[in-house]
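Contents: one structure, followed by commentary.
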Ligand code: FES
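Numbering (this note's numbering), first residue to last: 38 to 497.
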């Protein structure tokens, strides 16, 4: 998203081409030490899907040495950026460390760990940080037609993206001041602890996309990473295939950010009340499979599914249902750290220090690759901290989300993200996903630190 205009970093997406007439534009492909930056990011675990990192590297490479050496100045410089995957700390480490001459080739074990944590196959390494990880839309032939949604939800096809957008007549949404709502009422009862959650946006950076040739097989919208279960793979592919057959030529099908927010699945909001013995009631937005997920960690909770008008929900979002239940149950234990065992069999313990620093210990079988595992765990801690404290998606009474830009979801910025220390406990068992356990343990620790306030986000 960021390029240099006459050597100064500029956000490309809001810079009209006319404004750079006669000036020099440098993209990451023209950055002399791009490969060294890619290597530095890979060595620090500062890239996962790789959607944000090309722009971040352009920003970092433009910093003078004095600024680059100070984490606070680096965090400040990242205000125009968003990374959903890495939890920022590895990114700041990579920038402070600067470009690296050394290349460490990613091995199969690292790719295996990335797939376990991200839950879909994923490329890793320095090239990914430079935007070469392979995004869903990358391989479309240049002459493919383009389809986008219009305001009525109908697909509009044009010879170019510009033409399709013009025809759709849709104006991209803006940040809203609409308040958050907690759509599920608490169950009646005499509870020792309650929790209500609201709508949150998974917030993956790469909008869903697919393309297909007539009679061909559509590409997966997962691209390089699964967005923690947030992407609805499949539906766009089917559209691409249908439109390609209809028009007799390859068609790219693209969601805008607004489409992702309106149509992409959310974790189901819920309201839980528990008694001291851990029994109680969880009322949750009706979602196929949610009762089974909650029962994985909290068989003593009665699950009541309720119908709520709102965006689609799915149990495929990171730990949907079981994490909330596990966090509430963990809050009943009287221990200095919170410990969560995930249904996958990983154990995570987390604590929050007085200065807000988060420390996590994770045990999830054979480590496979420490850098990749740590990166996912820091990312999970960042996501958990934001979920409990600041994230929310305003949804109107008609069930339609009002927050339609990345900036409006409450995702924590680099400068709001505390130190996150991850200790990995070596273990000879089979490798399992560890970051979901970290997500739950950090949510529990942060919630406890904020006095188990009855609603998330607690600043909402
Ligand atoms: Fe930053 Fe995925 S690596 S958004």
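Where a beta carbon is used, it is the ideal one built from N, C-alpha and C, also for glycine.
Residues with C-beta closer than 6 Å to any heavy atom of ligand 1, in chain order: 84, 85, 86, 87, 88, 89, 90, 120, 121, 122, 123, 242
Option in 479, 451, 410 with minimal Cα separation from residue 147: 410
Assigned exposure category for residue 371 - 16 Cβ within 10 Å defines buried: Exposed, by the Cβ-count rule.
Exposure label - residue 86; buried when at least 16 CB within 10 Å: With 16 or more Cβ atoms within 10 Å of its Cβ, residue 86 is classed as buried.
Contact the stretch 467 to 476 vs the stretch 377 to 388: 3+ CB pairs below 8 Å: yes
Chain-order list of residues whose beta-carbon lies under 7 Å from that of residue 483 (same chain, five-residue window excluded): 389, 421, 422, 425, 426
Among 304, 316, 173, 221, nearest to residue 257 - alpha-carbon criterion: 173
Nearest to residue 321 (by Cα), restricted to the options 252, 305, 97: 305
Beta-bridge partners of residue 249, as assigned by DSSP: 288
Which listed residue (396, 113, 308) has its alpha carbon closest to that of residue 374: 396
The beta strand (DSSP E) enclosing residue 321, as first and last residue numbers: That run of the beta strand (DSSP E) goes 317 to 322.
Minimum C-alpha distance to residue 459 - residue among 488, 297, 404, 285: 404
Distance between beta carbons of residue 347 and residue 432, contact taken as under 8 Å: 5 Å
Test: residue 119 CB closer than 9 Å to a CB of chain C: Within the model displayed, chain C is absent; a lone protein chain is all it includes.
Closer than 8 Å: residue 53 CB and nearest ligand 3 heavy atom: Absence of ligand 3 from the depicted structure is noted, with ligand 1 being the only ligands included.
Nearest candidate by alpha-carbon position, reference residue 241, set 298, 104, 334: 298
C-alpha gap between residue 350 and residue 435, whole angstroms: 16 Å
DSSP state of residue 303 mapped onto helix, strand, coil: Reduced to three states, the DSSP call for residue 303 is strand.
Coarse secondary structure for residue 125, derived from DSSP in three states: If DSSP states are grouped into helix, strand and coil, residue 125 belongs with coil.
Inter-stretch contact (C-beta, 8 Å, three-pair minimum) for the stretch 247 to 256 and the stretch 277 to 287: The stretch 247 to 256, when compared against the stretch 277 to 287, does touch it at the 8 Å Cβ threshold.
Collapsed DSSP secondary structure at residue 154 in the structure displayed: Under the three-state reduction of DSSP output, residue 154 falls in the helix class.
Identity of the residues DSSP links to residue 195 by a beta bridge: 183
Check whether residue 70 and residue 98 have beta carbons under 9 Å apart: Contact flag set, yes.
Beta-carbon gap between residue 355 and residue 446 smaller than 9 Å: no
Whole runs of the alpha helix (DSSP H) within the stretch 324 to 365, excluding any shorter than 4 residues: 327 to 334
Residue range of the beta strand (DSSP E) that includes residue 398: 395 to 400
Inter-stretch contact (C-beta, 8 Å, three-pair minimum) for the stretch 443 to 457 and the stretch 120 to 130: yes
Rounded straight-line distance, which links the Cα of residue 268 to that of residue 378: Residue 378 and residue 268: Cα-Cα distance of roughly 26 Å.
Neighbourhood of residue 507 by C-beta, 6 Å cutoff - its chain only, sequence neighbours within 5 removed: The chain is shown only over 38 to 497; residue 507 falls outside these bounds and no answer can be derived.
DSSP state of residue 469 mapped onto helix, strand, coil: Looking at residue 469 - three-state DSSP - the assignment turns out to be coil, as it is neither helix nor strand.
Rounded straight-line distance, which links the Cα of residue 401 to that of residue 364: 19 Å
Residue 338 beta carbon less than 9 Å from that of residue 315: yes
CB of residue 218 within 9 Å of CB of residue 236, strictly: Yes; because the gap between Cβ atoms is below 9 Å, this pair is in contact.
Given 8 Å, three or more beta-carbon pairs between the stretch 167 to 186 and the stretch 97 to 114: no
Length of the line joining the Cα atoms of residue 184 and residue 50: 20 Å
For residue 74, three-class secondary structure by DSSP: Residue 74: helix per DSSP, three-state reduction.
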